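A.B. asks:
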Amino acid sequence: MFYRIYFVFFLVIALPGTLHAACLGKIDKGITVTGQTDYDPFNPNDTTEELLLTVRNTGDEACSYALAFRTPDGTAKLGKTLSYFLTSQNGRSLLINATANVPAASRLTRPVPVNGTENFNYRIVIPRGQFAAPGNFADTLTLELYALDSSGQSGSTPVDNTTLRLSYTVPQILSVNIKGAGTTTTVDFGELTLGKQRAVIIQTRSNHSYDLNISSANQGAMKLTPPVPNRNWTVGYEARINGQLLDLHNGASVQKLPPTHSEDASYSLLVTVGDTAKKRAGKYEDVITLQINAAAP
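Start counting the sequence shown at 615; every next residue gets the next number (my numbering).
1) Please go through the same chain and pick out, in chain order, the residues whose beta-carbon is closer than 6 angstroms to the beta-carbon of serine 880, but skip the five residues on each side of it.
2) When DSSP builds the beta bridges, which residues end up paired with asparagine 671?
3) Would phenylalanine 683 pass as a contact of leucine 757 if the rule is Cβ separation under 8 angstroms?
4) Alpha carbon to alpha carbon, how far is alanine 795 from valine 801?
5) Alpha carbon to alpha carbon, how far is isoleucine 828 from glutamine 858? Give it in angstroms, no decimals.
6) Looking at leucine 826: is its Cβ nearer than 8 angstroms to the Cβ of tyrosine 898?
7) Within the present structure, is the beta-carbon of threonine 777 separated from the nearest heavy atom of the ligand FAD by less than 7 angstroms?
8) Can you tell me whether DSSP reads serine 876 as helix, strand or coil?
9) Does the Cβ-Cβ distance between leucine 722 and alanine 680 come in under 8 angstroms?
10) When the Cα of valine 739 is compared with those of Gly705, Gly766 and Gln767, which residue comes out closest?
11) Which residue comes first and which comes last in the beta strand (DSSP E) that contains glutamate 850?
12) From tryptophan 847 to leucine 838, what distance separates their C-alpha atoms?
13) Can you tell me which of Thr713, Gln786 and Asn864 puts its alpha carbon nearest to the alpha carbon of phenylalanine 745?
14) Based on the DSSP secondary-structure assignment, which residues constitute the bridge partners of isoleucine 740?
15) Using CA coordinates, which residue listed in Ser765, Thr651 and Asn775 is at the minimum distance from asparagine 750?
16) Can the beta-carbon of proline 872 be found closer than 8 angstroms to that of serine 823?
17) Is the Cβ-Cβ distance between serine 876 and proline 717 less than 8 angstroms?
18) Our contact map puts glutamate 852 next to threonine 903 with C-beta atoms below 8 angstroms; I'd like the distance itself, whole angstroms only.
19) In the DSSP assignment, find the beta strand (DSSP E) that holds leucine 862 and state where it starts and stops.
20) Compare the Cα-Cα distances from valine 790 to each of Thr668, Ala761, Ser882 and Gln767 and report the closest residue.
21) CA-CA distance, asparagine 671 and proline 725?
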């Protein structure tokens, strides 16, 4: 008896059909940022600005995307000087290091239609109180665009990458004031007597070396007010800043004072009344003016 064994082979051939199109995209606009708000090292508030990037769908189907803002170690500084942060609209950090996964904070809020665009809004924060000399401060980040699948996961390869350049200006800051009195004050000596003294505290603020120029309306003397016709009644006085005698007859200058960094510098202006003997009774006045200027290089 013979048995025959038949082997039946089924050959399954996959015929071409409609394949799932790959998501493609491009970071279209916003990769160069020139800050519209200068950074003032003495401002008591952080410098904050709203920014945006535009993503374009260059594929054949609607796609969801996420962005990656990459730095070597997850931190960033403008000009290697000013620390800053990038955050989403709800305050979540966007900066990640070179190997981190794309954070959920950087996802676009909705899918982008074919050939359509969508903005990604974010914020830069430069914390207050950082000292910086006048100049332009910039940093460059690696910016990557990822397509997301239906579960919201990104692939390992970005569909686009470029650089994001951020640039902010620090202006020259110069100011001078009288402590507790703004920009003007009156010092009352009462009855003028030889050797009587009064002092005020001068405060300066500068992110650059500076000169403090001091002048006197009457070249270092108080004049009788109102004046007597044909007579020039005056009482001389001596003025010192932090012990340095000022030549108010010719105009004085304290030069190349150092930048004040994050706090004001203070100087004591001491006025000592001179000889009052044989002076006509009355009110004697002078005006001392202090002016701050950037020091010459």
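Backbone N, C-alpha and C define an ideal beta-carbon position, used for all residues, glycine too. Keep in mind that this is a model prediction, so the values were computed, not measured.
C.D. replies: Put simply:
1) Taking the first residue of the sequence shown as position 1, residue 880 is located at position 266. The answer, listed in chain order, is Ile815 and Gln817.
2) Locating residue 671 in the sequence shown gives position 57, counting from the first residue. Looking at the DSSP assignment, asparagine 671 forms a beta bridge with Gly639.
3) Residue mapping note: residue 683 aligns to position 69 of the sequence shown, counting from 1. Residue mapping note: residue 757 aligns to position 143 of the sequence shown, counting from 1. Result yes, Cβ atoms of phenylalanine 683 and leucine 757 sit closer than 8 angstroms.
4) Along the sequence shown, one-based indexing puts residue 795 at 181. Along the sequence shown, one-based indexing puts residue 801 at 187. Approximately 11 angstroms, taken between the alpha carbons.
5) On the sequence shown, residue 858 is found 244 positions in, with the first residue counted as 1. On the sequence shown, residue 828 is found 214 positions in, with the first residue counted as 1. Those two C-alpha atoms are separated by around 12 angstroms.
6) The residue labelled residue 826 in the question sits at position 212 within the sequence shown. The residue labelled residue 898 in the question sits at position 284 within the sequence shown. Contact flag unset, no.
7) Ligands in the displayed structure: none, and consequently the ligand FAD is not present.
8) Here the question's residue 876 lines up with position 262 in the sequence shown. Coil.
9) For this step, residue 722 is matched to residue 108 along the sequence shown. For this step, residue 680 is matched to residue 66 along the sequence shown. In contact: leucine 722 and alanine 680 (Cβ atoms closer than 8 angstroms).
10) What you label residue 739 is simply residue 125 of the sequence shown in a count that begins at 1. Answer by Cα proximity: Gly705.
11) Here residue 850 refers to the residue found at position 236 of the sequence shown. For the record, residue 850 in the displayed sequence is glycine; it is not glutamate. Looking at the DSSP string, the run of the beta strand (DSSP E) that includes glycine 850 is 848 to 855.
12) Along the sequence shown, one-based indexing puts residue 847 at 233. Along the sequence shown, one-based indexing puts residue 838 at 224. Between tryptophan 847 and leucine 838, the C-alpha separation is close to 6 angstroms.
13) As a working mapping, residue 745 is identified with position 131 in the sequence shown. Closest option to phenylalanine 745, Cα to Cα, is Gln786.
14) Reading the sequence shown from its first residue, position 126 is the one you call residue 740. In DSSP, isoleucine 740 forms a bridge with Thr661.
15) Within the sequence shown, numbered from 1, the residue matching residue 750 stands at position 136. Ranking Ser765, Thr651 and Asn775 by Cα distance to asparagine 750 puts Thr651 first.
16) Residue 872 sits at position 258 when you count from the first residue of the sequence shown. Residue 823 sits at position 209 when you count from the first residue of the sequence shown. In this structure, serine 823 lies closer than 8 angstroms to proline 872 by Cβ.
17) Position 262 of the sequence shown, counted from the start, is the residue given in the question as residue 876. Position 103 of the sequence shown, counted from the start, is the residue given in the question as residue 717. In this structure, proline 717 does not lie closer than 8 angstroms to serine 876 by Cβ.
18) Walking along the sequence shown from the start, residue 852 turns up at place 238. Walking along the sequence shown from the start, residue 903 turns up at place 289. Not a contact, Cβ separation roughly 17 angstroms.
19) Taking the sequence shown and counting its residues from 1, one reaches residue 862 at position 248. No beta strand (DSSP E) holds leucine 862; DSSP gives it neither H nor E.
20) Numbered from its first residue, the sequence shown carries residue 790 at position 176. Of Thr668, Ala761, Ser882 and Gln767, the residue nearest in Cα terms is Ser882.
21) As a working note, residue 671 is residue 57 in the sequence shown. As a working note, residue 725 is residue 111 in the sequence shown. Taking the straight line joining both Cα atoms gives about 9 angstroms.
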